[in-house]
Amino acid sequence: MNTVPSLALVYEDPFLLIVDKPELLPTVPLKDDPLDKPTLLGLVASSYPEVLSVEGKNAWEGGVLHRLDTPTSGLVVIARTKEAYTALQAIGKAELFVKEYRCRSSQRNDVQLPAFPPFPYEDPVSCGGREVTIGSLFRHYGDNRRQVRPVLADSPKHLLDKSTGTWYMTKVWYTGEEEGASTFTCRLTSGFRHQVRVHMAWSGHPIDGDVVYHGKVQQHLALRAVAVEFPHPITSQTMEIRIDS
4 MNTVPSLALV
14 YEDPFLLIVD
24 KPELLPTVPL
34 KDDPLDKPTL
44 LGLVASSYPE
54 VLSVEGKNAW
64 EGGVLHRLDT
74 PTSGLVVIAR
84 TKEAYTALQA
94 IGKAELFVKE
104 YRCRSSQRND
114 VQLPAFPPFP
124 YEDPVSCGGR
134 EVTIGSLFRH
144 YGDNRRQVRP
154 VLADSPKHLL
164 DKSTGTWYMT
174 KVWYTGEEEG
184 ASTFTCRLTS
194 GFRHQVRVHM
204 AWSGHPIDGD
214 VVYHGKVQQH
224 LALRAVAVEF
234 PHPITSQTME
244 IRIDS
């Protein structure tokens with residue numbers, strides 16, 4: 004029997020909500036999902052039904068501004084009005100919407116992963132905590148295009164033709180050791196599916212629990228969205244919302 008999680012509301016005003024998504028709960032439904040499928044959007048809408056009337060990129064996603072992978076927990080911003088949604092979309096396109104993640108990796112992988120190009124950047128651990136910016140295009144990969152792979156500017160043309168055409172960057176800091184695992188902070192202003200997971204695996208530090216990208220086998224994915232920073236869509240006041248990791 005599935006247990007419906009309780010709503011973890013972190014911030015609320017008349018224009019937007021910020022909630023803490025539990026792991027293993029999808030952020031939004033897929034287009035053809037049954038109406039009763041548990042999702043974060045449905046959980047929020049049970050208390051704030053107006054979020055369903057905000058038609059964003061896809062009508063069935065309501066006012067959700069950005070999605071987290073189902074195994075990932077942490078902060079998600081949801082607009083309560085169309086005006087706020089439109090303004091937040093513009094803020095995101097201007098790269099003024101910052102998302103911060105924390106993750107951990109217990110194993111170092113020095114073997115080039117299948118269909119990954121050679122990693123061209125510094126190792127986040129070896130550089131002693133200095134910021135390392137990992138950038139790439141992306142392309143879908145594998146059965147039903149469920150995985151993604153990084154693509155570089157000098158990758159073969161047939162891979163570039165299949166890529167997003169957009170360059171995505173993840174800023175990574177090594178933050179120390181914790182119970183035998185390396186810990187990292189990752190920040191990005193534009194995101195693609197599995198971006199942090201893929202960039203960390205590419206760097207040789209796959210996230211614990213991420214068996215898709217050769218991380219240590221464990222029950223939980225050690226990836227959490229712990230902060231968002233952006234100008235408020237109505238007042239333009241700088242917002243920074245953080246939770247404990």
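First residue of the sequence shown: 4, per our numbering; consecutive thereafter. Glycine is no exception: its CB is placed at the ideal position from the N, C-alpha and C atoms.
Environment of Leu43 [buried if 16+ CB atoms lie within 10 Å]: Counted from its first residue, the sequence shown places residue 43 at position 40. Classification for Leu43: buried.
Sub-9 Å separation of Tyr195 and Tyr171 beta-carbons: Translated into positions along the sequence shown, residue 195 becomes position 192. Translated into positions along the sequence shown, residue 171 becomes position 168. For the record, residue 195 in the displayed sequence is Phe; it is not Tyr. In this structure, Tyr171 lies closer than 9 Å to Phe195 by Cβ.
Bounding residues of the beta strand (DSSP E) (the contiguous stretch that carries Gln222): Here residue 222 refers to the residue found at position 219 when the sequence shown is read from its first residue. Unbroken run through Gln222: none, as it is neither H nor E.
Proximity of Ser139 and His202 at Cβ, strictly below 9 Å: Within the sequence shown, residue 139 is the residue found at index 136, counting from 1. Within the sequence shown, residue 202 is the residue found at index 199, counting from 1. Yes.
Strand pairing of Gly179, partner residues [DSSP]: Locating residue 179 in the sequence shown gives position 176, where the first residue counts as 1. Paired residue(s): Thr186.
Selection from Leu78, Leu91, Gly77, Pro74 that minimises the alpha carbon distance to Gly66: Counting from 1 along the sequence shown, the entry for residue 66 is found at position 63. Checked all of Leu78, Leu91, Gly77, Pro74; the closest Cα to Gly66 is Leu91.
Neighbourhood of Val57 by C-beta, 6 Å cutoff - its chain only, sequence neighbours within 5 removed: Position 54 of the sequence shown, counting from 1, holds the residue named residue 57. Contacts found: Gly65, Gly66, Ala82, Lys85, Tyr88.
8 Å CB neighbourhood of Glu243 in its chain, flanking five on each side removed: Taking the first residue of the sequence shown as 1, we reach residue 243 at position 240. So the list reads Ala230, Val231, Glu232, once near-sequence residues are dropped.
C-beta contact flag for Tyr104 and Val22 at 9 Å: The residue labelled residue 104 in the question sits at position 101 within the sequence shown. The residue labelled residue 22 in the question sits at position 19 within the sequence shown. Result no, Cβ atoms of Tyr104 and Val22 do not sit closer than 9 Å.
Beta carbon of Lys60 nearer than 9 Å to that of Leu78: Taking the sequence shown and counting its residues from 1, one reaches residue 60 at position 57. Taking the sequence shown and counting its residues from 1, one reaches residue 78 at position 75. Not a contact, by the Cβ cut-off of 9 Å.
Thr89, enclosing alpha helix (DSSP H) - first and last residue: In the sequence shown, the residue the question calls residue 89 occupies position 86. Its alpha helix (DSSP H) spans residues 85-96.
Tyr14 classed as buried or exposed, judged by whether at least 16 other C-beta atoms fall within 10 angstroms: Taking the sequence shown and counting its residues from 1, the one referred to as residue 14 is at position 11. With fewer than 16 Cβ atoms within 10 Å of its Cβ, Tyr14 is classed as exposed.
Spatial neighbours of Ala225 in its chain, beta-carbon cut-off 7 Å, leaving aside the 5 residues before and after: Taking the first residue of the sequence shown as position 1, residue 225 is located at position 222. The residues are Cys106, Arg107, Ile210, Asp211, Gly212.
Given Arg245 as reference, the closest of Ser239, Ala228, Glu182, Arg111 once Cα atoms are compared: Numbered from 1 along the sequence shown, position 242 holds the residue referred to as residue 245. Nearest C-alpha to Arg245: Ala228.
Length of the line joining the Cα atoms of Asp157 and Thr169: Within the sequence shown, residue 157 is the residue found at index 154, counting from 1. Within the sequence shown, residue 169 is the residue found at index 166, counting from 1. Distance between the alpha carbons of Asp157 and Thr169 is about 14 Å.
DSSP three-state assignment for Gln150, whether helix, strand or coil: Numbered from 1 along the sequence shown, position 147 holds the residue referred to as residue 150. It is a strand residue.
Closest by C-alpha distance to Ser9, when choosing among Glu26, Phe18, Gln115: The residue given as residue 9 occupies position 6 in the sequence shown. Comparing Cα-Cα distances from Ser9 to each of Glu26, Phe18, Gln115, the minimum goes to Glu26.
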